[in-house]
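Numbering (this note's numbering), first residue to last: 2 to 73. Heads up, the thing below is written out as structure tokens.
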């Protein structure tokens, strides 16, 4: 049985974030994308209804991309 990891809203935000010149944000985005691509399959991921509600808000195009990440 694999370990579980709670995915909170900021993770999904980093995965969909536009590029930035802010070095700290850029590093957070890259580390998050790396983990998502190469390591998430090692864990059972889950989110709460609160996260689903939060990622559905805001810009419609960006919200749809965040929700697409959660499918499956």
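Cβ coordinates follow ideal geometry from the N, Cα and C atoms, glycine included. Since the structure is predicted, the reported quantities are computational estimates derived from the model, not experimental observations.
Rounded separation between residue i and residue j - CA only
| i | j | result |
| --- | --- | --- |
| residue 28 | residue 59 | 24 Å |
| residue 66 | residue 36 | 18 Å |
| residue 39 | residue 32 | 11 Å |
| residue 21 | residue 15 | 11 Å |
| residue 64 | residue 17 | 9 Å |
| residue 50 | residue 30 | 23 Å |
Exposure label - residue i; buried when at least 16 CB within 10 Å
| i | result |
| --- | --- |
| residue 12 | buried |
| residue 25 | exposed |
Nearest to residue i (by Cα), restricted to the options the options
| i | options | result |
| --- | --- | --- |
| residue 7 | 21, 48, 22 | 48 |
| residue 52 | 70, 4, 19 | 70 |
Where the beta strand (DSSP E) containing residue i begins and where it ends
| i | result |
| --- | --- |
| residue 5 | 5–7 |
| residue 45 | 45–47 |
Boundaries of the alpha helix (DSSP H) in which residue i is found, first to last residue
| i | result |
| --- | --- |
| residue 35 | 24–39 |
| residue 14 | 10–17 |
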